[in-house]
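Please read the structure below before turning to the comments.
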Amino acid sequence: MTDTPQRPTETPTRPRITWDEIARSSALLTFLAILAALVISAILIVAADPQVRGSVSYFFERPGDTLGAAWSAVSGAYTSLFRGAIFDYEASGARTIRPITETMVAATPLLFAALGLGIGFRAGLFNIGAQGQVLMGGAMAAWIGFALELPIVLHVIVALLGAAVVGGLWAAIAGVLKARTGANEVIVTIMLNWIATWLITWLLTTSILARAPNRPISPEVDPSARLPLMLGSQFRLHWGFVLALLAAVGVWWLMERSTIGFKFRAVGANMDAARTAGINVNLVFVMVMVTAGLLAGLGGAAQILGADHTLRASSAGSIGFDAITVALLGRNRPAGIVGASVLFGALRAGSPLMQTASQTPIDIVLVIQAVIVLFIAAPPLVRTMFHLPGRPGSRRAVEVAS
Amino acid sequence: MTAPMMAGTPGPVEPGATLRADVLGTVSWRTPITLAVISIAALFAFVLFTPSTALAQFAFTEPDASWQWPVWHAPARLVLILCAVGTFALTAAAFIAAAARKPRRWYLVVFGALVLVMFLVWVMSASTGTLRLPFLLGLTMTWAVPLVFGAFAGVLCERAGVINIAIEGQLLGGAFLCAIAASITGSPYIGLVAAPIAGALVGLILAVFSITYKVDQIIVGVVVNVLVLGLTNYLFSTVLSENPQEFNSPPPLPTWRIPVLADIPVLGDALFNQTVIVYAMYVAVFVLQYMLFRSRWGLRLRSVGEHPKAADTVGIKVNRTRYRAVVLGSAVAGFGGASFLAAGLAFTKEVSVGRGYIALAAMILGRWSPRGALAAAVLFGFTDALNRVLRNIGSPVDYELMSMLPYLATIFAVAGLVGRVRPPAADGKPYP
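From first to last, the protein sequence lines are chains A and B. Residues in the first sequence are numbered from 250 upward in steps of one, following my numbering. Residues in the second sequence are numbered from 885 upward in steps of one, following my numbering.
Okay, structure coming up:
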């Protein structure tokens, strides 16, 4: 730590180089960003804690009271978050590992949707529309799940395929409009999100999706259409998580090994050069959006067929928006996205216990997520904060071609 | 409408068109064809299946007003047929105007108004209720005000080349701090001072990350929205909920009645019996329109958004100008956020419920000009108000479907189906 970049004349010794490599690596940056987010959230937790605020008035007489209250507030919140998300050491038997399976359940739709968004970001397309695509895909999956009578294995496959198709078509609207009219995909996808929300809300008032009149919730999907459980009925973990991991492998192959993926990346790196090289850029726009929508639709299906089993207007929750942050945190690469989605899944899974056990509202998770991504997106800021050496000719962490 | 006219640069000459007098521009049939399609659709949807005996009831005065106009029992079929004739006449005129290469914008305005009247008469003919127009317009203002300020914020930021997706967060932040400041001090006007400060702080985050650290502006905007949402939700659930009396009971803003103007029939009450926020909005639209397009400050701001390198070359500090524009614009949005609480409502979670995104849409539909943004925002506000009023009266169109209209209109607008919209050239591009 004593070595600073102000002394470049010094001959680098072996440990120095190692430290430099670590300091410049994105893994360390990610770690520091998460750390910074946890610290900032801890400050918020302390500031909002009634006991801390009660004892701060006599801070100079007995600082121990304030510090003790602050410590118990923060440690209480974070340990219950850990207990809710990873390992519940206060429970007994199989329930101790239930939190980690809940994390995986929460991570599944995020992973699907974020994989799609990552493809878009790498191809230079800002697809903000995962929310709508997740919802449309989930609605289709739910409808196939409760309205159609199909044999046991076929039913779930048809439901997944239907969700993928609908999600892909919904996203294709933005792709086609961009290709044909140049309409900005950011605006179109934001608008499509709202249209999807209202469309599903409306369908849930009609006999198409509603369970009964004036009950805006769909019937339960048939057991034959549900994603089978992995660890028995004690846990909600379903095979959708494995499917999502397979999808991550598939996306890796698509982007790194296939011709189509090469075209996607070429368009993202330099659209004009790609066009000059003979790549049909407009077709790529549509294909990228369809692929992203397809994956987001699968994410919606995983949520409905795996976890919720019924559809509401709020089924998509904030999956679509969280997926944007997941994709950015994972730097748009499949491996990174897997890690990021598990992290955010853990935050989602752990926050209810944190709320009940330590009275820290669930919303602190949004702050943690947002701060992580802000820091991840601005590596120079994190380097300045932690006095890390710079990275010569550093690449932008968020590689989205403009 | 066929020419990509930017507000502030009036005139029939297209920016990209050749200026030689002997070369004629291309004839664009898009506008008249669109009008023809809408005319025919309206004829089928509204006129043909309306029974000849149906009546639509409209009230032009509030029941408690000092003088009353009688409720108008409009003969629905007759009014609809007259309007339909009007739409077809305008369509024909639009074809002639297009052939003469003289697109006329006011045709579209009148056409839109006619279709709106047709829709209202059609809806009300199916209902036994009475549509109280002053109430509807008052509600329109309530819904439009945050949209207008949000859209102004978008105009200021994007004209300087910074995309502001964070309008939602700025509105929310403004409303939040307004609630706290007004509650603690007991003065709603202190709340009005605090709201723009919160907006500016949110804008500062956007500026630091997108201008200094050159993180993609859209990403920062989305993330800032999440951050503000999380912060306000968190503080609402903790500090504000523990002690709502002290922190979350903002007093209502008093309404100021402007003597003569407020007595104008139908419109007067909605426009001139309002809180100071609405009057600030009237001032803001004139000031912004003038300052952006007629002042040195506005020229510099726009140059930074259109061609930052050229601006830099003549000595304009690009990033400093952008910083100021973003912070100022965000403060405007924050001020608009105060309007959520103007009636003395307490702050609630997600009080802005996506209005920031509609404000963004209004800015695009208004072609990045304050005047246009105002018009689009009022239109969206009207859709919202009408939607709510009709839900109570009972309407043949479902509430949920009507709610999609602003978003659909925006998609049509950006896809160029109702004229081209062109953002500032350097919008979203960091500099250097």
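All C-beta atoms, glycine included, are put in the ideal place defined by N, C-alpha and C. Since we're looking at a predicted model, the values are computed, not measured.
If you reduce the DSSP assignment to three classes, tell me which class residue i lands in.
{"i": "residue 608 of chain A", "result": "coil"}
{"i": "residue 1157 of chain B", "result": "strand"}
{"i": "residue 1316 of chain B", "result": "coil"}
{"i": "residue 951 of chain B", "result": "coil"}
{"i": "residue 913 of chain B", "result": "coil"}
{"i": "residue 1026 of chain B", "result": "helix"}
{"i": "residue 261 of chain A", "result": "The predicted position of residue 261 of chain A is uncertain, since its pLDDT is 49 and thus under 50; a value taken from the coordinates is nonetheless stated next. Three-state result, residue 261 of chain A: coil."}
{"i": "residue 941 of chain B", "result": "strand"}
{"i": "residue 521 of chain A", "result": "helix"}
{"i": "residue 478 of chain A", "result": "strand"}
{"i": "residue 376 of chain A", "result": "coil"}
{"i": "residue 277 of chain A", "result": "helix"}
{"i": "residue 956 of chain B", "result": "strand"}
{"i": "residue 1191 of chain B", "result": "coil"}
{"i": "residue 502 of chain A", "result": "helix"}
{"i": "residue 1133 of chain B", "result": "coil"}
{"i": "residue 634 of chain A", "result": "helix"}
{"i": "residue 1252 of chain B", "result": "coil"}
{"i": "residue 1307 of chain B", "result": "coil"}
{"i": "residue 1015 of chain B", "result": "strand"}
{"i": "residue 1141 of chain B", "result": "strand"}
{"i": "residue 934 of chain B", "result": "coil"}
{"i": "residue 613 of chain A", "result": "helix"}
{"i": "residue 393 of chain A", "result": "helix"}
{"i": "residue 1201 of chain B", "result": "coil"}
{"i": "residue 1299 of chain B", "result": "coil"}
{"i": "residue 400 of chain A", "result": "coil"}
Anything in chain B within Cβ reach of residue i, meaning under 8 Å, just list it in chain order.
{"i": "residue 618 of chain A", "result": "1110 and 1114"}
{"i": "residue 433 of chain A", "result": "1298 and 1307"}
{"i": "residue 613 of chain A", "result": "1114 and 1118"}
{"i": "residue 426 of chain A", "result": "1295, 1298 and 1299"}
Interface residues of chain A around residue i at Cβ under 8 Å?
{"i": "residue 1284 of chain B", "result": "447, 448, 450, 451 and 454"}
{"i": "residue 1238 of chain B", "result": "443"}
{"i": "residue 1288 of chain B", "result": "443, 444, 447 and 448"}
{"i": "residue 1102 of chain B", "result": "375, 377 and 435"}
So which residues of chain B does residue i contact, with C-beta pairs closer than 9 Å?
{"i": "residue 570 of chain A", "result": "1106, 1109 and 1110"}
{"i": "residue 359 of chain A", "result": "Neighbours of residue 359 of chain A on chain B: none; closest Cβ ~14 Å, over 9 Å."}
Note down, in chain order, every chain B residue with its Cβ under 7 Å from the Cβ of residue i.
{"i": "residue 436 of chain A", "result": "1248, 1294 and 1298"}
{"i": "residue 440 of chain A", "result": "1245, 1291, 1294 and 1295"}
Closest by CA to residue i, which one among the options?
{"i": "residue 283 of chain A", "options": "A:612, A:605, A:588 and A:610", "result": "A:588"}
{"i": "residue 597 of chain A", "options": "A:279, A:617 and A:527", "result": "A:617"}
{"i": "residue 1130 of chain B", "options": "B:1089, B:922, B:1160 and B:1070", "result": "B:1070"}
{"i": "residue 432 of chain A", "options": "B:1309, B:1315, B:1313 and B:1297", "result": "B:1297"}
{"i": "residue 582 of chain A", "options": "A:366, A:386 and A:288", "result": "A:366"}
{"i": "residue 297 of chain A", "options": "B:1115, B:1079, B:1191 and B:1090", "result": "B:1115"}
{"i": "residue 947 of chain B", "options": "B:1015, B:1077, B:1135 and B:1059", "result": "B:1015"}
{"i": "residue 1050 of chain B", "options": "B:997, B:1073, B:1082 and B:1072", "result": "B:1082"}
{"i": "residue 614 of chain A", "options": "A:524, A:461, A:334 and A:345", "result": "A:334"}
{"i": "residue 1006 of chain B", "options": "B:1202, B:1310, B:1047 and B:928", "result": "B:928"}
{"i": "residue 1154 of chain B", "options": "B:1117, B:1026 and B:936", "result": "B:1026"}
{"i": "residue 1144 of chain B", "options": "B:1152, B:1138 and B:1137", "result": "B:1152"}
{"i": "residue 1278 of chain B", "options": "B:995, B:935 and B:1009", "result": "B:1009"}
{"i": "residue 920 of chain B", "options": "B:975, B:990 and B:968", "result": "B:975"}
{"i": "residue 500 of chain A", "options": "A:349, A:545 and A:484", "result": "A:545"}
Please confirm whether any heavy atom of the ligand ZN lies closer than 8 Å to the CB of residue i.
{"i": "residue 1232 of chain B", "result": "No copy of the ligand ZN appears in this structure; indeed no ligand is present at all."}
Identify the contact partners of residue i in chain A, using a Cβ-Cβ distance below 9 Å as the criterion.
{"i": "residue 1093 of chain B", "result": "623, 626, 627 and 630"}
{"i": "residue 845 of chain B", "result": "Within the shown structure, residues of chain B are numbered from 885 to 1316, placing residue 845 of chain B beyond reach of any answer."}
Residue i versus chain A: which residues are under 7 Å apart at the beta carbon?
{"i": "residue 1122 of chain B", "result": "297 and 610"}
Is there at least one Cβ from chain E nearer than 9 Å to residue i's Cβ?
{"i": "residue 1211 of chain B", "result": "Protein chains in the displayed structure are A and B, and chain E is not among them."}
For this session: Determine which residues of the segment 1044-1063 of chain B have a Cβ less than 9 Å from any Cβ of chain A, and write them out in chain order.
Result: 1047 and 1049
Exercise. Quick one: complete alpha helix (DSSP H) runs, 4+ long, within the segment 962-999 of chain B?
Worked result: none
Problem set entry | Near-chain A residues of the segment 1125-1158 of chain B (beta-carbon distance less than 7 Å), N- to C-terminal order | 1126
For this session: Within the segment 551-582 of chain A, note down every full alpha helix (DSSP H) run reaching 4 residues or more, in order along the chain.
Result: 568-578
Exercise. Where in the segment 431-488 of chain A do unbroken runs of the alpha helix (DSSP H), each at least 4 residues long, occur, reported from the N-terminal end onward?
Worked result: 434-452
Exercise. At a Cβ cut of 7 Å, what residues of the segment 567-598 of chain A count as close to chain B, listed as they run along the chain?
Worked result: 570, 573, 574 and 577
Exercise. Mind listing which residues of the segment 374-389 of chain A have their C-beta closer than 7 Å to chain B's C-betas, in chain order?
Worked result: 375 and 377
Exercise. What residue ranges within the segment 337-387 of chain A form continuous alpha helix (DSSP H) runs of no fewer than 4 residues, ordered along the chain?
Worked result: 347-371
For this session: Pull out every residue of the segment 274-306 of chain A whose Cβ sits closer than 7 Å to any Cβ of chain B, in chain order.
Result: 293, 297 and 299
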